[in-house]
Every structure is written in C-alpha cells, then in structure tokens.
Amino acid sequence: MNISIDRSRSAALAKLASAEFDVLVVGGGIVGSGVARDAAMRGLRVALLDRHDFAFGTSSRSSRLLHGGLRYLEQGHIGLVREASVEKKTLQDIAPHLARPLGFVFPAYRGQGRPLWQLRIGVKLYDLLCRGGNFLPSRALSPAETLAAAPGLDATKLSGAVRYADALTNDGRLVLDTLRSAERHGGVLANYVCFLGAQRDGVAWRCTAEDTRTGRSLSLRALTVVNATGPWAQQIPHSSVRLRLSKGIHIVVARERLPVKDAIVLGEGRRILFVLPWGERVILGTTDTDYDAAPENVTVDASDIRYVLRVVNEAFPQLRLDCSDIISSWAGLRPLVAQADGTPSDISRAHDIRESRPGWWDVTGGKLTTYRLMAEETVDELQRRLGLRARCRTATESLLDEPPLYSGIEPPALTREAVAHYVHHEWAKTLEDIMVRRSGWHYLQRDSANTAQIVACWMADLLSWSPEEQQHQIESYRNSTRVAA
Ligand SMILES: Cc1cc2nc3c(=O)[nH]c(=O)nc-3n(C[C@H](O)[C@H](O)[C@H](O)COP(=O)(O)OP(=O)(O)OC[C@H]3O[C@@H](n4cnc5c(N)ncnc54)[C@H](O)[C@@H]3O)c2cc1C
C-alpha cells in the first residue's frame, strides 16, 4: 500500500484512539455527514465512522431530487413541504453545483388520477411554500404543450398538465462534499471502520470499533454519540429506533429512447413515478415495497424492473422499453420511522431526533433535502447537553471553499488525475468506491468492465496493489454491482 496514503489513514485512526471527542457520529450517509459538518463548524471536536464507504447506504441510492415533496400536500403535510421547500433553496445557495433546477411536467387525464384543477391549486401552493418563490414559477400546459415536453406520451383523454420546479442533485457527491467541509473544519473521519458498541464511562461514552480492512480494533471516548446509520439504525447497540424499511429502485436508459425535455411525473394510483432527464440518459423510478432482509443485501430484482417498465410503457404507448434498454440500476432503502405496531407513521417522511439515553441521540427519517436542517437541530441539542451555544452557520456558508472541479450532477471524465484526486482527497479505497460513489461512471455504461479494468490499473499504481489484490478488486466490484434480475 502507498506509504503516504496509508499514513494519512493511520493518522486519522491514531487520532480517533487518542483524543476525546465532543461527538462521535456513527454513519457517513447524508445525515451523519451533515451533523459532522455542522458540529465541526461550531468548534466541536468531531469524529465520524462508517463501517463501509461513505455514502454506501441510502444516500447514494435516492431519486437525486432536492424537493419539497408535492405529493405530501394532498396528505395535508403542509409544514413538512414548507420545511423541505425552504431547504431545497438553501442547498442551492450553499452548493449551486449540486442543485440544478428542473421543470416537472405532471399530466392529467379525464376521469383518471388527479384532476387538472387539483394539480393547478397544488403547484400554486407549492410555489408559495418556497422561501421567496420556487426556482421557476409553475404554470398550466395545454395538451399540445404537454406532448411537446413529453413526446410519445399517451394523448388519449389528456386534459393538459402542470409544470412545476424542483432540483436535480447528485446524492453521493453531496455526502462527499459535506464530509470534505467537515474535515476542513477539523472533523476526524474514517470510512471502513465499524462501530461495535459503547459503555457509559463517567460523563463520556467509551466506544469500541473495528477497522474492517485490517480487523484491528480501536476504542475511543466521546461525550456524546449520534446514531445516524439510516436503515441500520435499529441494529446499533443502545439504539431505541424502530424502522419499517421500504425499498425503492431506479433504472437508467438512453435519453434517445425517451427524449423528454423536462422531468415527467407519472401517476400510478396514489403513487408517482419519475422520468428524470440526466445528461444523455434518463432515470426511471421509483418503487415502494416493504423490505425485511439485511440492508446491505438490497438489490434490484425482476419484479421491480417489470413494475417500472410497465408503468412507463403504459404512459408512453409506442415506447416498448424492455430489459435490453437498461443501462444500469440501483436499489435503496427508506429508513421510515415505524409506529409501535410496525406500520410507517404519519410522520414517516419527517425526521426524528431523540436523546434515548443521556448523551446518546438516534437521528432517523427525513430526506436528503432536509439533511442540513436535521443536522442543525441535532447539533443544537448536543450543544445544550454540552453547555455550549455556538451559532449554526451551515445555511449561509458555501459547502466548497473553492470552485468545484466538475459540475457535480452528471459524472465527470474519469481520468487518471480524477482517480488520484479521489484516492488522495476523498478517501476512496476500493474500485467500487471510485466507479460507483466518487465518479458515478458505473451508472453510465451497460458494461463498465473495460473502464473498471483501466481504473483498477491506476489504483494499483496509486495504492501499490499486488496483481492479486487488483484482480480481487475487479471481482468484488463485479459481484457487488451485479443485478439480481
Ligand atoms: C428510493 C429512494 C429514493 C429517495 N429519493 C429521495 C429524493 O429524491 N430526495 C430526497 O430528499 N430524499 C430521497 N430519499 C431519502 C434519502 O435518500 C434518505 O432519507 C437519506 O439518504 C438517508 O440518509 P442516512 O444518512 O440516514 O442513511 P444512509 O445513507 O443509509 O447512511 C447510513 C450509513 O451508516 C453506516 N453504518 C451502518 N452501520 C454502521 C456501523 N455499525 N458503524 C459505522 N457505520 C455504520 C452505513 O454504512 C451507511 O453509510 C430517497 C430514499 C430512497 C430509498
């Protein structure tokens, strides 16, 4: 292994073991990253661990939207929609490279689904709930305008559409840029370190963890602990969380097959499915099915794919998409807060911040869009316990302190320099880290084997991998990204 890289990881692990922290954040998804950044910016001594790669969980498997959640309006969750609508604008202010406004066309059909008048009222209210107005004002579209925005859409009984705005982001990149900011403000961060347990030791928690790459154990002290492990939250020792996991999948197809100008919202009963333009590709999703196996084993299966293809083919009758059109796919788990009987609660899309034992917080639920607010509220509570009163600055200070290297939404070129950057500055340790979460190139190609071979060569050079290790990396990337359909 390359000596300098090994040294920087060793230094982080040594710091974890020797210093006492104000807060240990368990989990490096968007929630944990947000808490680490906010706490570090307020001057707290922060450590963060992830048992896998950063953003390995739900936070790199979402629909990639910064949105208020238009459909929660019909359930009357106005406060929730307002909160997320304000946050989506705040994220655009602090991370413009990760918030690209996008028009959403929501068609209406006579005698079927939501009527046009209801959609018109809904989107006007939606605009009003955004601080100072939405990214673009909403408007009604005639049937002809609707078909121009969504060529091939079923025109039978089409009464028109509404067009409203949300923003497209890059979920995994949002996590990484948030973590880089946390590190710049003094946070000590380590991926591939699994939190094992904690015991109260005077006013602090004595925590044990394991470096999953070497099997070495380490212990660290922290005055407070934040359990931000998303779908894993109920498995963590001391956790008081009860979750109901709901699986959602996405598939990617070529944009030339579905040449939409805007995002299209397809109603399917009370559910909706998005067609999201993404450079030369289109993302289709998502589903919502109960899931009760191990979170790390979630995969896209044949019935998920059949469902998505059916809904899209019914909406675009001439299209006839089939499995051969699928370039890539992903599956994620919504960590919904459950009621005592296990059903998702009314506040299932809201977040829950709970001090279940003195100095121990479980932070669950919410969404990507509201992560900054969740972090602010969590760190306010940590400060109260620690007797501190520093002001939160995350709503006004840029996520990056220099212009971004790339636009952020679509995958940038995958060059040797980019790979070196991911290894040296973004904690990439495995081929999968780079292909899936740093560059996103895995999702661009039907068969990414050739690109993976080249990247593995560069990584072998940068990290002094043996030929066996290089081969092992290629095989584990292939296995971990195999679709189970
Ligand atoms: C299909 C789908 C679509 C979605 N679309 C959107 C959307 O468009 N917009 C939006 O705003 N929200 C969306 N969401 C919701 C959003 O993605 C999630 O709310 C959010 O990503 C949850 O983040 P998290 O940090 O809580 O969990 P995660 O991202 O899962 O992070 C938890 C982390 O904890 C780590 N961990 C687990 N156990 C341990 C341990 N013992 N020690 C150390 N680390 C551990 C894991 O490795 C993981 O990295 C979507 C969710 C799904 C499933």
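Counting in the working numbering, the sequence shown runs from 464 upward without gaps. Note that the Cβ used here is the ideal one computed from N, Cα and C, for glycine as well.
Give, in chain order, every unbroken run of the alpha helix (DSSP H) that is at least 4 residues long and sits entirely within the stretch 579-660. 579-591, 606-612, 634-647
Return yes when at least one heavy atom of ligand 1 lies under 6 Å from the C-beta of valine 489, else no. Counting from 1 along the sequence shown, the entry for residue 489 is found at position 26. Yes, Cβ of valine 489 sits closer than 6 Å to a heavy atom of ligand 1.
Any heavy atom of ligand 1 closer than 6 Å to the beta-carbon of cysteine 657? Position 194 of the sequence shown holds residue 657. Flag set: Cβ of cysteine 657 near ligand 1.
Measuring straight from C-alpha to C-alpha, what distance separates threonine 675 and histidine 515? Along the sequence shown, read from residue 1 onward, the residue named residue 675 stands at position 212. Along the sequence shown, read from residue 1 onward, the residue named residue 515 stands at position 52. Computed Cα separation, rounded: 8 Å.
Measuring only the C-alpha atoms, how far is valine 715 from threonine 878? For the purposes of this step, residue 715 is taken as residue 252 along the sequence shown, with counting starting at 1. For the purposes of this step, residue 878 is taken as residue 415 along the sequence shown, with counting starting at 1. One C-alpha to the other measures close to 23 Å.
Can we say the stretch 716-735 touches the stretch 853-863, given the rule of at least three CB pairs closer than 8 Å? no
As an exercise, report each continuous alpha helix (DSSP H) stretch of at least 4 residues that is fully enclosed by the stretch 715-787, in chain order. 765-778
Would you mind sorting isoleucine 872 into buried or exposed? The rule is 16 or more other CB atoms within 10 Å of its CB. Counting from 1 along the sequence shown, the entry for residue 872 is found at position 409. A buried status is given to isoleucine 872, since no fewer than 16 other beta-carbon atoms sit within 10 Å of its beta-carbon.
Would you grab the beta carbon distance between isoleucine 699 and phenylalanine 658 for me? Rounded to a whole angstrom, and I think it's under 8 Å. Numbered from 1 along the sequence shown, position 236 holds the residue referred to as residue 699. Numbered from 1 along the sequence shown, position 195 holds the residue referred to as residue 658. Confirmed, Cβ separation roughly 7 Å.
Quick check: asparagine 684 and glutamate 483, are their CB atoms within less than 7 Å of each other? As a position in the sequence shown, residue 684 is number 221, starting the count at 1. As a position in the sequence shown, residue 483 is number 20, starting the count at 1. For the sequence presented, residue 684 should be read as arginine rather than asparagine. The answer is yes: Cβ separation under 7 Å.
Within the stretch 484-570, ranges of the alpha helix (DSSP H) (whole runs, at least 4 residues): Qualifying alpha helix (DSSP H) stretches, in chain order: 493-504, 541-557.
Could you tell me the distance, in whole angstroms, from the CA atom of leucine 862 to the CA atom of arginine 636? Walking along the sequence shown from the start, residue 862 turns up at place 399. Walking along the sequence shown from the start, residue 636 turns up at place 173. Going from the Cα of leucine 862 to the Cα of arginine 636 covers about 11 Å.
Does the beta-carbon of isoleucine 952 have 16 or more other beta-carbons within 10 angstroms, so that it is buried, or is it exposed? Outside the displayed range of the chain (464 to 948) lies residue 952, so it cannot be described from this structure.
Examine ligand 1 and report whether any of its heavy atoms sits within less than 6 Å of the Cβ of tryptophan 695. The count along the sequence shown starts at 1 and reaches residue 695 at position 232. True, at least one ligand heavy atom lies under 6 Å from that Cβ.
For serine 601 and glycine 532, what's the separation of their Cα atoms in angstroms? The count along the sequence shown starts at 1 and reaches residue 601 at position 138. The count along the sequence shown starts at 1 and reaches residue 532 at position 69. Between serine 601 and glycine 532, the C-alpha separation is close to 15 Å.
Using 8 Å as the cut-off, can you tell me whether the stretch 760-773 makes contact with the stretch 702-712, which would need three or more C-beta pairs spanning the two stretches below that distance? yes
Taking 6 Å as the cut-off, is the beta-carbon of threonine 687 closer than that to any non-hydrogen atom of ligand 3? With respect to ligand 3, the structure shown offers nothing to examine, as its ligands consist of ligand 1.
Report yes if the CB atom of proline 694 is closer than 7 Å to the CB atom of proline 798, and no otherwise. In the sequence shown, residue 694 corresponds to position 231, counting from 1. In the sequence shown, residue 798 corresponds to position 335, counting from 1. Contact flag set, yes.
Hey, is alanine 891's beta-carbon within less than 7 Å of any beta-carbon in chain C? The structure shown has no chain C; it contains just one protein chain.
Comparing the CB of threonine 749 with every heavy atom of ligand 1, is any distance shorter than 6 Å? For this step, residue 749 is matched to residue 286 along the sequence shown. Yes, the Cβ of threonine 749 comes within 6 Å of a heavy atom of ligand 1.
So, is tryptophan 921 buried or exposed, given that buried needs 16 or more other C-beta atoms within 10 angstroms? By 1-based counting over the sequence shown, the position of residue 921 is 458. Classification of tryptophan 921: buried, given that the 10 Å Cβ count is 16 or more.
Is the Cβ-Cβ distance between aspartate 513 and glycine 491 less than 7 Å? Here residue 513 corresponds to residue number 50 of the sequence shown, with the count starting at 1. Here residue 491 corresponds to residue number 28 of the sequence shown, with the count starting at 1. Cβ atoms of aspartate 513 and glycine 491: closer than 7 Å.
Assess, as a yes-or-no matter, whether the stretch 522-531 is touched by the stretch 546-553 under the definition of 3 or more beta carbon pairs within less than 8 Å. yes
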